[in-house]
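Numbering (the working numbering), first residue to last: 17 to 196.
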């Protein structure tokens, strides 16, 4: 099973993000119910590994975290794959990220060491945009350099299972872990 640990967007936040998605002229919007901030991508795991990760995350000790957003941007302009809302990496968010990664690793799951780039994916891009699409996207990004999405306090993290389907991923909540 394909797993990840994330902060789920509250309903009000998800609704505000969905309104932003409507402005993006290209790509495939992430469904509102799938909007999240990934803390750890656990990847494909056996059921016993998923259970071990769950047990380790039950012992997670971290404070609630304030989540704010920057303006819309393209995640990797050299190879654009997604339009995202970046999340400033605060000390509290970094502590939470490390705590989640440590818990999963304590479960015996080897996670790659990657730079943490907190963000919420709004739209997935399929292939390189055409020059016309790039110009339209640049206009939208220029108008949204400040995020109109209000901050919120994350009070839990969630272990999700991702079911990959042709029409897009479906996320199943396996367990939630309170912060604080």
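A virtual CB, placed ideally from N, CA and C, is assigned to each residue, including glycine.
Query                                                                                                    : Result
Exposure label - residue 90; buried when at least 16 CB within 10 Å                                      : buried
Limits of the unbroken beta strand (DSSP E) element including residue 169                                : 168-170
Within 8 Å, strictly: CB atoms of residue 191 and residue 113                                            : no
Residue range of the beta strand (DSSP E) that includes residue 59                                       : 52-60
Close Cβ partners of residue 103 (< 8 Å) along its chain, the five nearest in sequence each way excluded : 53, 83, 84, 85, 86, 109, 134, 135, 136
Three-state secondary structure assigned by DSSP to residue 190                                          : strand
Residues near residue 194 in its chain [Cβ-Cβ closer than 8 Å; skip 5 each side]                         : 171, 172
Cβ-based burial, residue 180 [other Cβ within 10 Å; buried from 16]                                      : exposed
Reduced DSSP secondary structure (H/G/I, E/B, other) of residue 77                                       : coil
Sheet register partners of residue 22 (DSSP bridge)                                                      : 54, 174
Cβ contact (3+ pairs, closer than 8 Å) linking the region 73-80 and the region 28-44                     : no
Closest by C-alpha distance to residue 63, when choosing among 88, 100, 138, 19                          : 19
DSSP beta-bridge partners of residue 183                                                                 : In DSSP, residue 183 forms no bridge with anything.
Touch test, the region 92-107 against the region 119-131, Cβ-Cβ under 8 Å, three pairs minimum           : no
Per DSSP, the bridge partner or partners of residue 99                                                   : 90, 139
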